[in-house]
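Quick notes on the structure that follows.
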């Protein structure tokens, strides 16, 4: 927590102002602010938004900055998962080193808050959790990393996985993860009862990967709705991907959307260009909290992606067919303040009392800044400067 | 047409070699080549592919390097077309200046060949054609620009448009364009008879924008097939976008694909992430020629896009769900040699006798180069160096 005065910046693209951060929070906003003894940064008229947020990524998976990983893999979800579980050791994806590289890339490009799913399975035990937890600790002054204990290889067929998740949650994982209860786990009741059981035991929220499409995804959602309501977990259960909401049957998806809104279930999207993604403007209309995420980047699943939430806002924007400025601003919002809200933090706002987590952007307007994607002039976490012009301050790439 | 010796480059990502260009064509390939009096470039082990090709763009539309154009427009195709027709003058999209900026961006990023649709309508006459033709002439040593005389505002309702297209073709437009015969023209027989009539009169090929989806697009395609066959124009009629090929009914689309293959109709795709695009790997299987294009970039239609065919190969690759290296190489191919083939040029090959149009890429492999998207070390058009490390040689931005 630090003090900082940033002069001449444009909050959310508006008129130039100064922002004074004290003890890591926005203490004052106005023109011509003075604060004796407080470090000063010149904002040079750049735009400022709440810190960029990656609300759905996998810090333990990337091959970023390693040799190119040539891929000739099969295309089923299970095939990719099995392949990755072995390739991790084969090509040496060290979870501490790689999560550090991935997170530093995100920070350099303006991120101040990250939710990372981290694989936990009986082949590797807690190795990935420990690696990412080490990065979380090493970067605690730069970025807040929230770890989802994620059973990527499934819990139902691989006995012992639930116990490992339980242990990770005991050791400090913040969120209970899960994966397709039908399509992957093959036992929706068993899988969801286990997930909600862990959440109840540890008093922690849930974030479930749901790649299932159409009616299968809708069925899994209904099972999630039932448990959320029965356990009074409104607002605490999130769904990632939620491809079933991209199905073409408008009436069917509207019924799901209405239920999601009623149960305050946040939706996390990566805007996957080859999948049936939820329409972000439709979910906005319904008042649903949403967060964007870059998902895995350059890993054994696939080659695409950058550790840059403006790039992800572009992917989400293009996938959603957004053209107008107010739409682009919403794409940016779900990769910034909106994503923080979806993660349960309501203080990502450029206003007095808001978090001192800020990212400066270059552009005439917010949309222009999104589309140009120029280096971020300044990134601030709780009043500390963490990156400048695309370079992280105080940490080197391992 | 020039001579050039490039040392130590990796043709299509293979083993290092030298390439000698004489009179604008590849004269010799091998290790340790010497050629007295011929300029030498050091390739420093970079990859080399045939020049990048933008096979579907709109050089006359971009606001690139102008003030940000805020957009609150309606979302129908007709609404966007009407809006643009007036905004061109309102915000001053000078076709000569803007096409120069757009083309210079493409060259800087490795393009050596461009097909640009250019709006021709009764509101602006041949102004856009003349502007882009001026750029074509000014850049003739840097890039080959092929102009499609394109009735963006339709021919059927706006009397006099066919005559303007006729005049543009007389003045040197290389290709006859067209737009949705049903969805936009509202008179498929009238529109297609006019398009094919112009093509027959001028002995020039056709490239029709087909945004129509599902059965409507299939119907328009059938009308195009009938005329192509009746007039013996196999190989001379192309379809851009072809969203109907992305419809989910596999049997229906396969029948269309089979017909397209039989009539040798090249398909041009932009990989639009929010539309039903043709699957490039499926069309490859069917032996159909394909070209990629960046479409309009940062124009009154929408904010997205860059003048960079590696960016477009990424958009196409992500939209098509490509993950494996051989798939990524195909995405790159349809933005390079494959696009040239789709435009009727078969000499975009790194082999003796091939065009001396080359682009160097940075990466361990072709897929790695595509994904990294680093500045192009060298771009060569007919043996002349046109760009180096992302900067055009011999032409400044207007």
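Chains as they are written, first to last, in the UniProt record's numbering: chain W, 1 to 398; chain X, 1 to 398.
C-beta: ideal position from N, C-alpha, C; glycine also.
Since the structure is predicted, the reported quantities are computational estimates derived from the model, not experimental observations.
For residue 201(X), the uninterrupted alpha helix (DSSP H) run begins and ends at 188–202, by DSSP. In this structure, the beta-carbon distance from residue 149(X) to residue 179(X) does not fall below 7 Å. Residues 115, 268, 291, 292, 293, 339, 342 and 343 of the same chain have their beta carbon placed closer than 7 Å to that of residue 55(W), with the five preceding and five following residues left out of the count. The criterion of a C-beta distance shorter than 7 Å is satisfied by residue 192(W) and residue 223(W). The alpha carbon of residue 304(X) has as its nearest neighbour, out of 277(W), 317(W) and 176(W), the alpha carbon of 317(W). Linking residue 331(W) to residue 29(W) through their CA atoms gives a straight-line distance of about 26 Å. A contact is defined here as three or more CB-CB pairs under 8 Å, and the segment 344–363 of chain X meets this definition with respect to the segment 28–44 of chain X. DSSP assignment within the segment 32–89 of chain X yields the following whole beta strand (DSSP E) runs of 3 residues or more, N-terminal first: 40–42, 47–50 and 52–57. Within the segment 198–266 of chain W, complete beta strand (DSSP E) segments of at least 3 residues are found at 206–209 and 237–240, given in chain order. For residue 108(W), the CB contacts under 7 Å within the same chain, skipping 5 residues up- and downstream, are 387, 390, 391 and 392 in chain order.
Sixteen is the threshold: since fewer than 16 other Cβ atoms of the shown chains lie within 10 Å of the Cβ of residue 248(W), the residue is exposed. Taking a C-beta cut-off of 8 Å against chain X, the contacting residues of the segment 297–317 of chain W are 298, 301, 302, 303, 304, 314, 315 and 317, listed in chain order.
Of all residues in the segment 327–342 of chain X, the ones placed with a Cβ closer than 8 Å to any Cβ belonging to chain W are 328, in chain order.
Ranking 123(W), 298(W) and 169(W) by CA distance to the CA of residue 67(W) puts 298(W) first. Here residue 271(W) is buried. Its C-beta has 16 or more other C-beta atoms within 10 Å. With fewer than 16 other CB atoms across the displayed protein chains lying within 10 angstroms of its CB, residue 326(W) is exposed. The beta-carbon separation of residue 209(W) and residue 240(W), rounded to 5 Å, stays under the 8 Å limit for a contact.
Note on geometry: alpha-carbon atoms of residue 361(X) and residue 138(X) lie some 26 Å from one another.
Contact of residue 364(X) with chain W is assigned, a C-beta pair being separated by under 7 Å.
Put simply, the CB of residue 371(W) is near chain X, with a gap under 7 Å to one of its CB atoms. Among the residues facing chain X, residue 368(W) is included, as its CB has a counterpart in that chain under 7 Å away.
For residue 43(W), the closest alpha carbon among the candidates 60(W), 57(W) and 20(W) is that of 20(W).
Burial state of residue 100(X) is buried, judged by a 10 Å Cβ sphere holding 16 or more other Cβ atoms. The secondary-structure analysis by DSSP pairs residue 11(W) across a beta bridge with 48(W). Residue 286(X) holds the alpha-carbon nearest to the alpha-carbon of residue 264(X) among 333(X), 286(X) and 302(X). Per the C-alpha coordinates, the member of 14(X), 22(X), 49(X) and 124(X) positioned closest to residue 383(X) is 22(X). Segment contact: the segment 4–19 of chain X against the segment 125–142 of chain W, fewer than three CB-CB distances shorter than 8 Å; contact not assigned. Cβ neighbours of residue 355(X) within its own chain (closer than 6 Å, five residues either side excluded): 347 and 348. Secondary structure at residue 282(W): helix, using DSSP grouped into helix, strand and coil. Close partners of residue 73(X) in chain W (Cβ separation under 8 Å): 323 and 324. Contact between the segment 370–378 of chain X and the segment 71–86 of chain X is absent: fewer than three C-beta pairs spanning the two stretches fall below 8 Å. Within chain W, the residues whose beta carbon sits less than 8 Å from that of residue 67(X) are 364, listed in sequence order. Flagged as an interface residue toward chain W: residue 70(X), by a C-beta distance shorter than 7 Å. With a contact defined as Cβ atoms closer than 8 Å, residue 117(W) and residue 64(W) miss out at about 17 Å.
In this structure, the straight-line span from the alpha carbon of residue 184(W) to that of residue 337(X) is close to 41 Å. Nearest CB-CB separation between residue 319(X) and chain W: below the 7 Å threshold.
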